[in-house]
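First the structure, in the form of structure tokens, and then the observations on it.
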Amino acid sequence: MSELNLSPLRRYLPEDLMFLAGQPAVYHCHHFNLFLDQTIDDALGPELGGRLRTRAAREFSHHLLQAVCAKQGAELPPERLQVALELFRLMGHGRLHLDASPSGGAARGTHLHYGFAWHEKYGQKVRRLDPADAFGSGYAAAAIEVAFGLRLGAMNAHEQSCVAMRAPACDITLDATQTLEEPRPFIGEAEAEAATGPAENGLFEDIIGPISNGLKEFTAGVAGDERGLVQAFGVFVTMHLAGYYNRISFDALEAVRAQSPHSEGVLADLLRESGHVCVFNTFGGILLSPEWEGLVGPLVDDPGQILAFCMAMGRALGFGRWIVADFQPERRFVLRTPCSYESTYYRTRFGIAERPVEYFLQGAALAMAQLAHRVHWTARPQLTPEYYQQLFKGGVPWRAEQTRAIVCGAPVSEIVVTRV
Amino acid sequence: MSDRNLERVVEEIPSLRAVFITAMPDCLLYDSWLKADETWTSEEVASYFGDLIRANREGLKALRAWSSEMQVTIESTDVLLVLREVSADFVVSFAFARNAPLGMVRLHVKRALALLDELLPKIRPEERPRALRISEFLTRYAPDAHTALKRAALRSGVPVELLERPEHLSVQQVEQFERSVCAILGLDTLSL
Numbered sequence: 003m004s005e006l007n008l009s010p011l012r013r014y015l016p017e018d019l020m021f022l023a024g025q026p027a028v029y030h031c032h033h034f035n036l037f038l039d040q041t042i043d044d045a046l047g048p049e050l051g052g053r054l055r056t057r058a059a060r061e062f063s064h065h066l067l068q069a070v071c072a073k074q075g076a077e078l079p080p081e082r083l084q085v086a087l088e089l090f091r092l093m094g095h096g097r098l099h100l101d102a103s104p105s106g107g108a109a110r111g112t113h114l115h116y117g118f119a120w121h122e123k124y125g126q127k128v129r130r131l132d133p134a135d136a137f138g139s140g141y142a143a144a145a146i147e148v149a150f151g152l153r154l155g156a157m158n159a160h161e162q163s164c165v166a167m168r169a170p171a172c173d174i175t176l177d178a179t180q181t182l183e184e185p186r187p188f189i190g191e192a193e194a195e196a197a198t199g200p201a202e203n204g205l206f207e208d209i210i211g212p213i214s215n216g217l218k219e220f221t222a223g224v225a226g227d228e229r230g231l232v233q234a235f236g237v238f239v240t241m242h243l244a245g246y247y248n249r250i251s252f253d254a255l256e257a258v259r260a261q262s263p264h265s266e267g268v269l270a271d272l273l274r275e276s277g278h279v280c281v282f283n284t285f286g287g288i289l290l291s292p293e294w295e296g297l298v299g300p301l302v303d304d305p306g307q308i309l310a311f312c313m314a315m316g317r318a319l320g321f322g323r324w325i326v327a328d329f330q331p332e333r334r335f336v337l338r339t340p341c342s343y344e345s346t347y348y349r350t351r352f353g354i355a356e357r358p359v360e361y362f363l364q365g366a367a368l369a370m371a372q373l374a375h376r377v378h379w380t381a382r383p384q385l386t387p388e389y390y391q392q393l394f395k396g397g398v399p400w401r402a403e404q405t406r407a408i409v410c411g412a413p414v415s416e417i418v419v420t421r422v
Numbered sequence: 108m109s110d111r112n113l114e115r116v117v118e119e120i121p122s123l124r125a126v127f128i129t130a131m132p133d134c135l136l137y138d139s140w141l142k143a144d145e146t147w148t149s150e151e152v153a154s155y156f157g158d159l160i161r162a163n164r165e166g167l168k169a170l171r172a173w174s175s176e177m178q179v180t181i182e183s184t185d186v187l188l189v190l191r192e193v194s195a196d197f198v199v200s201f202a203f204a205r206n207a208p209l210g211m212v213r214l215h216v217k218r219a220l221a222l223l224d225e226l227l228p229k230i231r232p233e234e235r236p237r238a239l240r241i242s243e244f245l246t247r248y249a250p251d252a253h254t255a256l257k258r259a260a261l262r263s264g265v266p267v268e269l270l271e272r273p274e275h276l277s278v279q280q281v282e283q284f285e286r287s288v289c290a291i292l293g294l295d296t297l298s299l
């Protein structure tokens, strides 16, 4: 069995969607991860929300682990468990310890990304009443399923105690179950390619291409430290399964639509907000990092250039081949992409939509316009929660409208951001 | 309180940097005095001090150790704070320079409070709708405050447009709203 390394398992489509051992994957920071999980729990309540998040984690982790174990030549249960735990650490999700058989058992987590980051970010402000590590729990269940050759959904997981609730560690129980979930359509590279339009060039390509390639090289070497965390650019970064984000978002939307349709718009707004959270924290953190200065040089206060940098980061993080289709300073910015992790998932699982559903992309585009025009980058501001509030509270002077959507049958998705 | 009354009471107190008077139970700024070179925002400070006294009162009651003479002293790196309830209607907070002698501070606070007790109105301020106070409490303490109302709307099932005008909520909606705020803040009850 060969030593596990993320880089050879990672592949970008020419249209810049990223895959890890054939599973759609992206890089996202803890601010985004926590905000999205919180939104799901707000929509469904902590019990149903936690259950959905655990199942989504189990589903996509199961597919990932099957593929990685096969590539690594891990055939025996101990080998497969070893691969699972090391992969979890390398992806920046923390450290898991498993003590389980096909009939169940327990997992213990230390520095699990969600619980640890929640405690770091919110622990001094609010008390958490429910565990935070549904992703770690679902992953642990999937690890046992794959290690012992069980079917997807054969193992349930439930986090009993969590560092976010001020417990010393995260303890997860694992139980075998006979109630399997209905199989859902698989989403891999072929499915993504089927839902991808033609790649185009936009403005600033001479800037975007080389930086994107440099960032891809840089992130190829990024992996969890001894704690299993990736602490970089002022955030905790994870390599994460796009299917997890998509399933929890779209299943929550479906549930809200069925139970309280008047709340669907608010949920969509908060999913868009997750795009603001990502761009402000991750993109902002990268721009202000010494690594960025080493790769690109000192920042300048030029909105066009900042948008070009955002396109490069979006591509390197695996979000798709984002291009600046049009840009008029202080007036208009058009982001176009032949694919997105949201549209790939939606087209594969639901088909054609009546209206655009790429909420993350919509929020990200608007936040990029705001950051490009309103942040004084050369002053190197601190990206604090207070600064975020200052930039985004009470609405922003921009409006984002998705004018074309792959989920609606268009060849590309396009967000037009205009000054209000 | 007339513009000059508070100033007359406190302006001669040595090492005093500011005084904030918070009207309870809404934790709104009633009056303040700041030394000329201070840059604090009285409105922001006052509400937190009101909440602090209220939490302190509830904590002491739980310990069966509460008395109306309760006074809170905070010694931070930069400032020496003394907070005190004046009747059930007002909390007066004195901010002194950190190096002010504690004995001198207590003496001046006692004298100033005696004067303020005479000057502050005895009529209980009209209590505002509970839903409005819940909304303000949420905005004050929720992380990512600008999204807090939307989060409460999702949790409670009460449309966000209604939560934006909380004074018009029905009794049932106020209960749903309050439960959602408790959940967001991780609290069993709201101390309002």
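Sequence lines, in order, name chains E and V.
Residues in the first sequence are numbered from 3 upward in steps of one, following the numbering used here.
Residues in the second sequence are numbered from 108 upward in steps of one, following the numbering used here.
C-beta atoms are modelled at their ideal positions from N, C-alpha and C, and glycine is treated no differently.
{"query": "Beta-carbon contacts of Met167 of chain E that lie in its chain and below 6 angstroms, excluding the five residues immediately before and after", "result": "Arg130"}
{"query": "Terminal residues of the alpha helix (DSSP H) in which Met20 of chain E lies", "result": "Careful: Met20 of chain E lies outside any alpha helix (DSSP H), inside the beta strand (DSSP E) at 20-22."}
{"query": "Proximal residues of chain E, C-beta to C-beta of Leu292 of chain V below 7 angstroms", "result": "Val128"}
{"query": "Other residues of its chain near Gln404 of chain E: CB distance less than 6 angstroms, five sequence neighbours each side excluded", "result": "Pro358, Gln364, Ile417"}
{"query": "Contiguous alpha helix (DSSP H) assignments of at least 4 residues, all confined to the segment 140-172 of chain V", "result": "149-169"}
{"query": "Residues bridged to Gln84 of chain E (per DSSP)", "result": "Gln84 of chain E pairs with nothing; no bridge assigned."}
{"query": "Phe201 of chain V and Val189 of chain V closer than 7 angstroms at C-beta", "result": "yes"}
{"query": "Candidates V:Val212, V:Gln178, V:Val126, V:Leu214: closest to Glu300 of chain V by CA position", "result": "In the structure displayed, chain V extends from 108 to 299; residue 300 of chain V sits before or after that span and is not available."}
{"query": "His64 of chain E (DSSP reduced to helix, strand or coil)", "result": "helix"}
{"query": "Beta-bridge partners of Leu386 of chain E, as assigned by DSSP", "result": "Residue identity check: residue 386 of chain E is Thr in the sequence provided, not Leu. Partner(s): none; Thr386 of chain E has no beta bridge."}
{"query": "Under 7 angstroms by beta carbon: chain E residues contacting Val267 of chain V", "result": "Val268"}
{"query": "Contact set between the segment 245-264 of chain V and chain E, restricted to residues whose Cβ is under 8 angstroms from the partner", "result": "Tyr248, Ala249, Pro250, Asp251, Ala252, His253, Thr254, Lys257, Arg258, Ala260, Leu261, Arg262, Gly264"}
{"query": "Cβ shell of Lys257 of chain V (< 8 angstroms), same chain only, five flanking positions each side left out", "result": "Val267"}
{"query": "According to DSSP, residues forming a beta bridge with Trp400 of chain E", "result": "E:Arg421"}
{"query": "Span separating the alpha-carbon of Lys217 of chain V from that of Thr296 of chain V", "result": "34 angstroms"}
{"query": "Other residues of its chain near Gly230 of chain E: CB distance less than 6 angstroms, five sequence neighbours each side excluded", "result": "Arg91, Gly96, Arg97, His113"}
{"query": "7 angstroms Cβ cutoff met for Gly117 of chain E and Cys164 of chain E", "result": "yes"}
{"query": "Contact the segment 35-48 of chain E vs the segment 341-348 of chain E: 3+ CB pairs below 8 angstroms", "result": "no"}
{"query": "Simplified DSSP assignment, three categories, for Ile354 of chain E", "result": "coil"}
{"query": "Cutoff 7 angstroms: Ala45 of chain E Cβ touching any chain V Cβ", "result": "yes"}
{"query": "Reduced DSSP category for Leu330 of chain E - H, G, I as helix; E, B as strand; rest coil", "result": "Reading the sequence as shown, one finds Gln at residue 330 of chain E and not Leu. Gln330 of chain E falls in the strand class under three-state DSSP."}
{"query": "Straight-line Cα distance separating Asn158 of chain E from Trp324 of chain E", "result": "38 angstroms"}
{"query": "Test: Gln391 of chain E CB closer than 7 angstroms to a CB of chain V", "result": "yes"}
{"query": "Any chain V beta carbon closer than 7 angstroms to Tyr116 of chain E", "result": "no"}
{"query": "Counted within 10 angstroms of its Cβ, other Cβ atoms place Leu170 of chain V as buried (16 or more) or exposed", "result": "exposed"}
{"query": "Collapsed DSSP secondary structure at Cys134 of chain V in the structure displayed", "result": "coil"}
{"query": "Members of the segment 263-287 of chain E near chain V, C-beta cut-off 7 angstroms", "result": "His264, Ser265, Val268, Leu269, Asp271, Leu272, Glu275"}
{"query": "Cβ-heavy atom distance, Leu363 of chain E to the ligand ADP, below 6 angstroms", "result": "The model depicted lacks the ligand ADP and carries no ligand whatsoever."}
{"query": "Spatial distance of Thr179 of chain E from Asp173 of chain E (CA atoms)", "result": "19 angstroms"}
{"query": "Tyr247 of chain E: contacting residues in chain V (beta-carbon distance under 9 angstroms)", "result": "Those within 9 angstroms of Tyr247 of chain E in chain V number zero; the least Cβ separation is about 18 angstroms."}
{"query": "Touch test, the segment 201-212 of chain V against the segment 267-285 of chain V, Cβ-Cβ under 8 angstroms, three pairs minimum", "result": "no"}
{"query": "Ile146 of chain E in three-state terms, based on DSSP", "result": "helix"}
{"query": "Buried or exposed (CB count within 10 angstroms, at least 16 for buried), Pro423 of chain E", "result": "Since the displayed chain E opens at 3 and closes at 422, residue 423 of chain E lies outside it and no answer follows."}
{"query": "For Glu122 of chain E, the three-state DSSP class (helix, strand or coil)", "result": "helix"}
{"query": "Ala204 of chain V beta carbon less than 7 angstroms from that of Ser122 of chain V", "result": "yes"}
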